[in-house]
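Encoded as structure tokens, the structure appears first; notes follow it.
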């Protein structure tokens, strides 16, 4: 299914689209948007919620899975509703639709990218060629981290314009926390899907060096059985607590009560890598510092030695040293204070202003 979201013109001139710009209404086409769940769907939803009032969601349509059938449909919609700019939620396959429409109509398009969506296609000749054309002819590329920006510019140096729009926290202290019973008094925390690149396995192995330290992992995913086996292998299973199906309010409670956050993510041989690190920003909003992996986009979320610590996610010694450093309350609190201040500058409202400026520049 394909979610297509149009942005309406409310007639206001307080930023965004105005009634005098009759042909300046953009259209977002995306495969992921609520009620679907996931980070990308949340990213678009949060951006749209934070946009100025002239940009309400005007239309949401479910289309057939065949993206080729999108081309004539979208062509008709553009002629009928006079959309002047296409915002593409997924560079492949939807970027292909926007590219073809651009060839036939001259209407510009901008592409959102998140990391893996521009890394994986580079391994396949046909997708690599198509990805290059889509990026090169895009009026603007919007990405989530400096890392992804560098990946794109290395792959296709001839891109016209590229802007980093960082995600902000979804779960913040504004949410009333709901207690999670049965937890130890002190623990370190990870939140996220249980997949290899997150580095939860490295944290479990590190617990051997800290016999009194408990570790809470909140999330679910395909790596659960392997992580449980690993905890048993290293005889730390009594200190590793797996939690899943938690409400946002319960995750807020975990952020409130953890010592610090840890996600030493790494890049896998197949290119899988962390695009940013929203959970780090969430922990920061609750006044907690974090350890993150140096690979991928995590460096945009953590200022090494200032708001948190970056480590090589494949290096056990580095991770153990970082944990040891943050177990010092004075050092931990110093980083946490700066992390909280930094995270409060990273808001969805600021991200929405960046998006507004991009769309308005194409009006």
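In the working numbering, the protein residues as written are 17 to 379. The C-beta atom is built at its ideal place from N, Cα and C for all residues, glycine as well. All values derive from a computational prediction rather than experimental measurement.
Spatial distance of residue i from residue j (CA atoms)
i	j	result
residue 327	residue 275	18 Å
residue 241	residue 230	19 Å
residue 136	residue 171	12 Å
residue 129	residue 178	10 Å
residue 348	residue 120	57 Å
residue 310	residue 319	11 Å
residue 183	residue 158	11 Å
residue 191	residue 279	23 Å
residue 281	residue 97	44 Å
residue 196	residue 261	12 Å
residue 180	residue 251	43 Å
residue 56	residue 109	15 Å
residue 86	residue 113	7 Å
residue 338	residue 263	30 Å
residue 193	residue 249	34 Å
residue 222	residue 189	30 Å
residue 215	residue 340	17 Å
residue 237	residue 243	10 Å
residue 151	residue 107	8 Å
residue 361	residue 354	11 Å
residue 122	residue 115	9 Å
residue 146	residue 219	39 Å
As assigned by DSSP and simplified to three states, the class of residue i
i	result
residue 345	helix
residue 366	helix
residue 308	strand
residue 162	helix
residue 322	coil
residue 49	coil
residue 88	helix
residue 226	coil
residue 333	helix
residue 100	strand
residue 250	coil
residue 257	strand
residue 34	Low per-residue confidence applies at residue 34: pLDDT is 27, beneath 50, and the placement is therefore not dependable, though the value from the model is reported in the following sentence. Residue state, collapsed to three classes: coil.
residue 207	strand
residue 358	helix
Pair within 8 Å by beta-carbon distance, residue i and residue j
i	j	result
residue 359	residue 314	no
residue 217	residue 259	no
residue 154	residue 301	no
residue 292	residue 160	yes
residue 102	residue 125	yes
residue 164	residue 131	yes
residue 334	residue 312	no
residue 308	residue 351	no
residue 234	residue 256	no
residue 346	residue 303	no
residue 213	residue 284	yes
Closer than 7 Å: residue i CB and nearest the ligand GDP heavy atom
i	result
residue 128	The ligand GDP is absent from the structure shown, which contains no ligand whatsoever.
#### Entry: Length-filtered (3 minimum) beta strand (DSSP E) runs lying within the region 164 to 205
Taken in chain order, the complete beta strand (DSSP E) segments of 3 or more residues contained in the region 164 to 205 are 178 to 180.
### Query
Are the region 88 to 104 and the region 43 to 50 touching, with three or more C-beta to C-beta distances below 8 Å?
A contact exists between the region 88 to 104 and the region 43 to 50.
### Query
Do the region 261 to 279 and the region 201 to 219 touch if we need at least three Cβ pairs shorter than 8 Å?
With the cut-off at 8 Å, the region 261 to 279 and the region 201 to 219 touch.
#### Entry: Runs of beta strand (DSSP E) wholly within the region 110 to 156 (minimum 3 residues, chain order)
Qualifying beta strand (DSSP E) stretches, in chain order: 125 to 129.
### Message
Below 8 Å, how does it come out for the region 50 to 69 and the region 368 to 378: are there three or more Cβ pairs, yes or no?
### Response
Yes, the region 50 to 69 is in contact with the region 368 to 378.
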